[in-house]
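In the working numbering, the protein residues as written are 76 to 158. Even glycine gets a Cβ: it sits at the ideal position worked out from N, Cα and C. Computed from a prediction, not measured in an experiment: that's the story for all the values here. Notes follow once the structure below has been shown.
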Amino acid sequence: SGMDTIANINPSDISENIGDFAQASVSQVEQTIQAAKAAQPEWEKTPIERKQAVLQAIGDELIARCDELGTLLSREEGKPFAE
Numbered sequence: 076s077g078m079d080t081i082a083n084i085n086p087s088d089i090s091e092n093i094g095d096f097a098q099a100s101v102s103q104v105e106q107t108i109q110a111a112k113a114a115q116p117e118w119e120k121t122p123i124e125r126k127q128a129v130l131q132a133i134g135d136e137l138i139a140r141c142d143e144l145g146t147l148l149s150r151e152e153g154k155p156f157a158e
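Below is the structure:
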């Protein structure tokens, strides 16, 4: 939607652009906040079991992708993977 982007540069290798982030406008941020506020009452009514299932699925996905995410984070921070 015509958004500006910001390069995500590896600090230990400044020739490496890891990826680009969209830079939202103030208006887009405000719209997103309003959408979250509008969705909150429905989430509040959601049964605890459903909330637990959603959060469990998110956790499962993070665990499944831990190596990929760890590699990406180490590149973004310019640190060895072990750190």
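Rounded to whole angstroms, how far is the Cβ of residue i from the Cβ of residue j, which I believe are closer than 8 angstroms?
i	j	result
ASN85	ARG150	5 angstroms
LEU137	LEU144	7 angstroms
If you measure between the beta carbons of residue i and residue j, is that distance less than 8 angstroms?
i	j	result
ILE108	ASP95	no
MET78	ALA111	no
LEU87	GLY134	First, the amino acid is wrong: residue 87 is Ser here, not Leu. Their beta carbons are not under 8 angstroms apart, which means SER87 does not touch GLY134 by this criterion.
Which value, in whole angstroms, describes the spacing of the CA atoms of residue i and residue j?
i	j	result
ALA114	THR121	11 angstroms
LEU130	ILE89	36 angstroms
GLU117	GLU158	40 angstroms
ASP142	PRO155	13 angstroms
ALA139	GLU119	28 angstroms
GLN106	ALA97	16 angstroms
Contained alpha helix (DSSP H) runs [length at least 4] in the region 105-149, N- to C-terminal order: 123-139
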